[in-house]
Amino acid sequence: MKKIIVIALLVLVPLGTVIAQTSPDDPALIKAKEETAVVFDLGRMFGYLNTMVSEEKKLALSDEQMTILYSIMETLLQKERVEPDTADEMLVRIEDEILTPDQLMYTDQLAIEKLESRTPGAGGGSGGGQITNYIAGGAFNPMKDPSKNMGKDFDTFFTYLVKELGK
């Protein structure tokens, strides 16, 4: 009987630790989600840009804009871990220096619509496994994850740029 209890404790204690580490109330998890929000915002931006170029021809990107965005995306594809400061710099550059005011208004409107369409209590969709990797100091680049919509949208927009730029 003691062996069963010892074995149960050996299995359950680490399991409880793992569960506690990923509990929605865990301060480390909350902090990591706050820190990485900008990385997810950057990733979503490429999806919004993809929607914009396919649905709003009057907001077409210039060759110069596409070249700069392509360069940013290439840089992101080379990174296994995207730090929040890097994502913030890239997002600010896209919003303040690359997009026109009309293009920015369009992408902002898409972001607002996405926020409004979320089911209350469904969470922000900020990938639990990815956040765990971020906390552990491991790989963290949600734009390279083809199993998620963000990764698919990123890849679709990158493929569009490659085609348009003849790369």
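Residue numbers for the sequence shown follow the working numbering, beginning at 2 and rising by one. Ideal Cβ positions, reconstructed from N, Cα and C, are used throughout, including at glycine. All figures in this text were calculated on a predicted structure; none of them were measured in a lab.
Identified DSSP bridge partners for R82 = Against the sequence shown, residue 82 aligns to sequence position 81. Per DSSP, F141.
**Message:** Could you give the first and the last residue of the continuous alpha helix (DSSP H) run that contains I113?
**Reply:** Translated into positions along the sequence shown, residue 113 becomes position 112. Per DSSP, I113 belongs to the alpha helix (DSSP H) from P102 to S118.
Exercise for the section: Using the Cα positions of E35 and F47, report the straight-line distance between them to the nearest angstrom. Expected result: Residue numbering aside, residue 35 sits at position 34 when the sequence shown is read from its first letter. Residue numbering aside, residue 47 sits at position 46 when the sequence shown is read from its first letter. Cα to Cα, the separation comes out at about 20 Å.
| message | At the level of alpha carbons, what is the spacing between L166 and M144? | response | Position 165 of the sequence shown holds residue 166. Position 143 of the sequence shown holds residue 144. C-alpha separation (whole angstroms): 21 Å.
Original post:
With 9 Å set as the bound, which would you pick, yes or no: does the beta-carbon of M46 sit closer than that to a beta-carbon of chain C?
Top reply: You won't find chain C in this structure, because it holds only one protein chain.
Give every residue of the same chain whose Cβ lies closer than 6 Å to the Cβ of R67, excluding the five residues on either side of it in the sequence, and list them in chain order.
-> Here residue 67 is taken as the residue at index 66 of the sequence shown, counted from 1. Note on residue identity: the sequence assigns Met, not Arg, to residue 67. Once the five neighbours on either side are set aside, the close Cβ partners of M67 are L162, E165 and L166.
- Task: Check whether the Cβ atoms of I31 and L70 lie closer than 9 Å to each other.
- Result: Walking along the sequence shown from the start, residue 31 turns up at place 30. Walking along the sequence shown from the start, residue 70 turns up at place 69. Going by C-beta atoms, I31 is not nearer than 9 Å to L70.
State the Cα-Cα distance for the pair A38 and Q131, rounded to the nearest angstrom. What you label residue 38 is simply residue 37 of the sequence shown in a count that begins at 1. What you label residue 131 is simply residue 130 of the sequence shown in a count that begins at 1. Approximately 12 Å, taken between the alpha carbons.
Please report how far the alpha carbon of D50 lies from the alpha carbon of F141, in whole angstroms.
-> As a working note, residue 50 is residue 49 in the sequence shown. As a working note, residue 141 is residue 140 in the sequence shown. The residue asked about is misnamed: residue 50 is Leu in this sequence, not Asp. When rounded, the distance between both Cα atoms is 22 Å.
query: Which residues in the same chain as L105 place their Cβ atom closer than 7 Å to its Cβ, once the five residues preceding and following it in sequence are excluded?
result: To locate residue 105, count along the sequence shown from 1; it is residue 104. So the list reads E96, once near-sequence residues are dropped.
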